[in-house]
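Have a look at the structure below before the remarks.
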Amino acid sequence: MAIVKMSKFELVVFAEQRAKVLKALQKFKEVNFVDIKLRDENGEIDKDTVEGVIKYVNNEELTHIDERLYQLSSAISLIKKYDKRKTRLRDIIHGNENYTFDTLSKKALTYDWKKISSELNSIGVQYSQIKSEISKKYTRYDEIDLWERLDVNPMELKKLKKVNTFLGTIPLKLKGDFIGGISKLDKTYYEELKIVKDEVYYLVISSIDESEKEELSEVFRNSSFSVENLDIDAVPQDYKNELQKEIGELKKQKRKLKAQIKTYSEDLTDLQAVYEYMQNKKLRIVESEKLAQTENTVLIKGWIPTEKVQEFEKVVKNEAGSSYYLMFKEAEKDDATVPIKLKNGKVASVFENLTGMYAYPRYNEIDPTPLFTPFYILFFGMMGADVGYGLVLLLATMFVLKVVNLSSQMRKSVKFFFYLSFSVIFWGILYGSYFGAEISGMWRLINPSKQYNTLLIGSIVFGVVHIFIGLAIKAYMLIRDGKALDAVYDVLFWYMALMGGMTYLVFKMKNLSPAVTSVSMWIMIVGMVGIVFTGGRDAKGVGAKLGGGLYSLYGISSYVGDFVSYSRLMALGLSGGFIASAINMIAGMISGSWVGMIFIPVILLGGHLFNMFLSFLGAYVHTSRLMYVEYFGKFYEGGGKPFKDFRTENKYINLDD
234 MAIVKMSKFE LVVFAEQRAK VLKALQKFKE VNFVDIKLRD ENGEIDKDTV EGVIKYVNNE
294 ELTHIDERLY QLSSAISLIK KYDKRKTRLR DIIHGNENYT FDTLSKKALT YDWKKISSEL
354 NSIGVQYSQI KSEISKKYTR YDEIDLWERL DVNPMELKKL KKVNTFLGTI PLKLKGDFIG
414 GISKLDKTYY EELKIVKDEV YYLVISSIDE SEKEELSEVF RNSSFSVENL DIDAVPQDYK
474 NELQKEIGEL KKQKRKLKAQ IKTYSEDLTD LQAVYEYMQN KKLRIVESEK LAQTENTVLI
534 KGWIPTEKVQ EFEKVVKNEA GSSYYLMFKE AEKDDATVPI KLKNGKVASV FENLTGMYAY
594 PRYNEIDPTP LFTPFYILFF GMMGADVGYG LVLLLATMFV LKVVNLSSQM RKSVKFFFYL
654 SFSVIFWGIL YGSYFGAEIS GMWRLINPSK QYNTLLIGSI VFGVVHIFIG LAIKAYMLIR
714 DGKALDAVYD VLFWYMALMG GMTYLVFKMK NLSPAVTSVS MWIMIVGMVG IVFTGGRDAK
774 GVGAKLGGGL YSLYGISSYV GDFVSYSRLM ALGLSGGFIA SAINMIAGMI SGSWVGMIFI
834 PVILLGGHLF NMFLSFLGAY VHTSRLMYVE YFGKFYEGGG KPFKDFRTEN KYINLDD
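Quick note, my numbering runs 233 ahead of the 1-based positions in the sequence shown.
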């Protein structure tokens, strides 16, 4: 239930054994390689570097594998894009295909993926070309459509010797100027062909006389006439008809290619498996660049869990025989380079992602996961707090876990909400809330709508306990590290100040035991004085130390804010319950009529599902905040880097260990 102990290894094998050793280590999985540095930060050769040792580089192999991945990815995308079969419930339940490392390798070696992906990519290229050609022809069609009323071949117009012909456009706002000017020309004919948006399309035929040409040019200038070059050798309408035929033929070819693509649908899962195999192969190449080599040997450094040392050595021996050198060294407690791997029990392990979202612990810290898991479950349920909502969450997650084939990471996520559902049900029973309704005769501990003061006090008490446990963990860590006095200064004095202060206020306001009131006051004073005299102990000079101590004491206000922050436990529970009650009330208002018979199920189902989503989302966000800000802030720093297994994140398959 803690951070996994790590050991660093150094492995030397012959160069020809590199590939098979790396493949065996990838199957082993739990290896985090270290990038071997041969030069220091200034680019100078490190003093510990042995002569003749160089970095392993294989850019050519990496380029080759990237090309294969691109080929596979393109083929997969093509099938998924045009295979529009409906996703069935059976497909969802089946999930991704399951493979072991060996069966995945066998699939990649026996399946003729090169042929299939090559054929698919060839079809894809043809399909793209035809789509592009259709697009071009549609563009051309739209261009010609503007001249559809021109009933002569533009090329024939250009051949006329005795007249000049023009096809062009003018702005619609200058139409009056154009007609007024051109109507004065005796040897010029014009025909309006079309008006599109703000442009008018014209055919103009004019005499070749110089005087007529000059006057026509003047009209063109005044009306911003823009000459168009219609380079088709056919009547526009005939040309359009021909384009339509060509587009129709291209569409037939497109449908044929699309049908061809669909015939490869059964190859999708196999191609995806090979893609995952290639991703892992690429990872082996990328990670191998962290290694160093001589002419005949390869040096590999990395981290493995200490409990896996013997198993690791067995794997190396199976691949390298007796021709290897292997050395292990257990990680030092304060080594900041040690990668962090968490190991927790059945319940706490599903909450490890929350730790990772905040920060992984350093190797010399403690794993906070089992320390916040009970509180997370408790607080989430307090905010969700409804038997009906909890049962829906429980049954839904049970169904998914029992029936659906999930990846290990997705299974963890579903289990996360499975465990939380019990707390939602538990608090729902305490509040007496069943889909927002109260059931007559059912036992409840508290009525949130009436006893909200009690609920508020209870929320604050939970907060005090939560924060004090955080401080206790801090004290444990300080004592463990041989800093017992720091535990007194930074924890015990705060306990005295806070506990003494709260006890004093309660007993004073309630006029309870004067003896307890007096004792608690003195405990508070001693704690505060202790904080003032020790809070700035790291500063230089008496004045600076006292100033730092006073500033530390001012931090008591932040504790007040932290305690008040736990009122959200009450607030979110109440808001979800009130909204659920409002949904029931709205449904009740329209009952007894035929309209109600139709809409009541919709209101109840839709309303409660939406409210349930909001309640659980709010509970997730605010519970996480209480853990990250109020709780972790008292004892946890983090800053560790996660242990990276020698595997890729699987996209299309479930790769079993």
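Where a beta carbon is used, it is the ideal one built from N, C-alpha and C, also for glycine.
Using three-state DSSP, classify residue i as helix, strand or coil.
i    : result
V396 : strand
K550 : helix
K280 : Any reading at K280 must be qualified, since the residue scores a pLDDT of 47, below 50, and its modelled position is unreliable; the value itself is stated next. K280: coil per DSSP, three-state reduction.
W380 : coil
S692 : helix
L888 : strand
N386 : coil
Q359 : helix
Y685 : helix
F266 : strand
F632 : helix
I403 : strand
T881 : coil
T343 : helix
I599 : coil
A618 : coil
A717 : helix
A569 : coil
Check whether the Cβ of residue i lies closer than 8 angstroms to any Cβ atom in chain D.
i    : result
L379 : Among the chains of the structure shown, chain D does not appear; only one protein chain is present.
In chain order, what residues of the same chain have a beta carbon less than 8 angstroms from the beta carbon of residue i, not counting five sequence neighbours either side?
i    : result
E544 : F261
L634 : R644, V647, K648, F651
Let me check one thing: in DSSP terms, what residues is residue i bridge-paired to?
i    : result
I428 : V433
W727 : Beta-bridge pairing links W727 to no other residue.
K576 : A235
T606 : None, per the DSSP bridge assignment.
Y792 : The partner list for Y792 (beta bridge, DSSP) is empty, contrary to what the question assumes.
G873 : Y593
Y667 : A670
I287 : Q526
T588 : None, per the DSSP bridge assignment.
Y423 : V437
The alpha helix (DSSP H) with residue i in it runs from where to where?
i    : result
P747 : 747-767
K778 : 775-787
R858 : 827-858
R301 : 292-315
I672 : Looking at the DSSP string, I672 is not in any alpha helix (DSSP H), and its letter there is neither H nor E.
G806 : 801-822
G866 : 865-868
S654 : 641-664
L255 : 251-261
K408 : 408-415
L322 : 322-327
Please return the same chain residues whose Cβ sits closer than 6 angstroms to the Cβ of residue i, not counting the five positions on each side in sequence.
i    : result
F266 : E520, K523, G535
G873 : I573, Y593, P594, R595
S459 : G401, T402
L663 : L678
Y722 : T767
E424 : L436
T937 : In the structure as shown, the chain starts at 234 and stops at 890, and residue 937 therefore has no counterpart that could be examined.
F868 : G703, I706, K707
I349 : D500
F411 : I403, S456
Quick one: give me the first and last residue of the beta strand (DSSP E) that residue i is part of.
i    : result
P538 : 530-538
S240 : 239-247
N331 : 330-332
L559 : 557-563
Using a Cβ-based criterion (distance less than 7 angstroms to any ligand heavy atom), does residue i qualify as near the ligand MN?
i    : result
N887 : With respect to the ligand MN, the structure shown offers nothing to examine, as it has no ligands at all.
Between which residues of its own chain and residue i is the CB-CB distance below 7 angstroms, once the five residues before and five after are set aside?
i    : result
A820 : I833, I836, L837
Q359 : L490
D281 : Its pLDDT being 49, under 50, D281 is placed unreliably by the model, and the measurement read from it follows with that caveat. Taken in chain order, the list of residues that qualify is empty.
T750 : Y737, F740, K741
G357 : S307, L311
T539 : K238, M239, S240, E563
D466 : N386, M388
F659 : G614
T502 : E330
Which full runs of the alpha helix (DSSP H) of 4+ residues lie inside the region 433-509, going along the chain? 443-455, 469-495
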